[in-house]
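I have placed the structure first, in the form of structure tokens, so that the comments after it can refer back to it.
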Amino acid sequence: MTPPRTDRGRLLLVLAVAAAVTVFTATVPLLRDWFDLRVYYGAVNSWIHHGGRIYDYQVPGTTYGFTYPPFAAVSMLPMALVGLRTAMVGSLLLNLAALALVLHVLTDGAWRRYGWFCCALGASLLALFEPLRDTFSFGQVNLLLLALVLADAWLLSTGRERRAGVGIGLAAAIKLTPAVFIGLLLLARRWRAAAVATAVAAAATALAGWVAPDASRFYWTEALWDTSRVGRLDYVSNQSLQGILARLGDADRKVWAAAVLVVLGIWAWRTRRAVAAADWPAAFALTGLTACLVSPITWVHHLVWLLPSFAVLIRTGHARVAGALYAVLCTSVVWLWFHDASGIDGFLGSNTYTWITLGLLLWLPVGQLRGDTPPLPRSTSATAPAPSTAAPEMMPAAGHPGPPSGTTTATGVAWGPGRGLTRDPSSEPTGSTRPAASNPQSSSSRASS
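In structure tokens, the structure reads:
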């Protein structure tokens, strides 16, 4: 199918696609009514204005409260200065800014070079992606964390290692799951970046301990180990290894721990291959996939960490595979087994997103670079990379048309899903139904996370 050649035809196509997306989002997924943001806002306001304790607060009429480390509450203190509606607007703007940064890193800004038509179509496709639309609708922080981590990925891949590690450290202090990226830095022998990330996470945690000592003591000694505060492990939105086992009725933590060790072993093996091939996009994508699998609870909106994997698929010439998997993640298909996940169909269908995540971990292309781009600059402490065969032509992120090929230069090109892995150090990076507050995912068994 060829795109319209006139502005009128393009406008009509954009309007038609936007209308279809609007109808879909108004009828298929449930809107979340900013539920998680209400948790954050209520906990911070109770703490600052009413002398309450952070982890004692619960949204009125529910059993859901704050579940993140204390530094997350400290970083959300500005919400205590504004009203709830202002906090909602702020959340929307921050998530939009984070999404723009994520797209810029994953595509090296290619999405900005194709005018309003391609950007409008791409935005429509992104609006369908269930993890993204839930992140916005819940008022969640996933995109902000992804942006922090990818900022470090960009610094590492463009030879700016001295500045790397801060984003990963902050993300790990706000929510523990991104700490797995420190493991990536250690596997890659990026000792300085790993030390910076660890120091930043520790400093942020210490700051929270000074600002809120009682909350910090309670979190690290009690709340952290109590998964029931977050939600039911067998809830269909939990698309992690633990979620699969819980829906099978297996509560043995030894089985889960064994599965986690297997996944971590696969991650370490494949990530070392990616690092040896100077393939940082694949290394960070594999780490994001692993974080989703090994976390005890990975709600659907946490799966924004899959976006780098789609970028890698497109960069390596697997756009059809990326499109098919992306389409499945737009369907809300797992909710068909909301009431009953038993039987073979329940086992396969209710865990659809987990199967996609696991499949990407096993088969995501690694080291498929083309020979006209020099390999990633390595620090003197890092292991020598295997020779790279080539840098790929420019390819788009999911949902965006690609630019012409042949855009590489003698000095290399920027990090992105469709480009090589180096850049000259002197260059710069350019629903209609609404659940009640106690019913964030049309179930009373799901807590904020």
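Under the numbering used here, the first residue of the sequence shown carries the number 189, and numbering increases by one thereafter.
Backbone N, C-alpha and C fix where the C-beta goes; we use that ideal spot for every residue, glycine too.
For clarity, every value in this text was computed on a predicted model and none was experimentally measured.
Item, Value
"Closest residue to Ala376 among Tyr423, Arg460, Asp296 and Ile356 (Cα-Cα distance)", "Arg460"
"Extent of the continuous alpha helix (DSSP H) to which His292 belongs", "Leu272 to Thr295"
"Where the alpha helix (DSSP H) through Trp413 begins and ends", "No alpha helix (DSSP H) contains Trp413, which DSSP labels as neither H nor E."
"Euclidean distance between Cα positions of Leu272 and Arg241", "19 Å"
"Span of the alpha helix (DSSP H), counted from its first residue to its last, around Ile485", "That residue, Ile485, is in no alpha helix (DSSP H); it is neither H nor E in DSSP."
"DSSP-derived helix/strand/coil call for His237", "helix"
"Contact between the segment 461-470 and the segment 434-443 (3+ Cβ pairs under 8 Å)", "no"
"Reduced DSSP category for Gly355 - H, G, I as helix; E, B as strand; rest coil", "helix"
"Proximity winner among Asn539, Arg193 and Ser263, relative to Ala396 (alpha-carbon distances)", "Ser263"
"Pick from Phe406, Thr475 and Ser483 that is closest to Gln427, judged by C-alpha positions", "Ser483"
"Cβ shell of Ala360 (< 6 Å), same chain only, five flanking positions each side left out", "Pro366, Ala367 and Ala389"
"At least three beta-carbon pairs within less than 8 Å, the segment 229-243 to the segment 329-344", "no"
"Neighbour-count burial assignment, Gly303, 16 or more Cβ in a 10 Å radius", "exposed"
"Heavy atom of the ligand NAP within 6 Å of Leu294 beta-carbon", "The ligand NAP is not part of the structure shown, which contains no ligands of any sort."
"DSSP state of Thr599 mapped onto helix, strand, coil", "Here Thr599 scores only 30 on pLDDT, less than 50, and its place in the model should not be relied on; the value that follows carries that caveat. The answer is coil: DSSP assigns Thr599 none of H, G, I, E or B."
"Contact under 7 Å by Cβ, Ser279 with Leu358", "no"
"Enclosing alpha helix (DSSP H) for Arg193 [first to last residue]", "Here Arg193 belongs to no alpha helix (DSSP H), and DSSP marks it neither H nor E."
"Collapsed DSSP secondary structure at Cys518 in the structure displayed", "coil"
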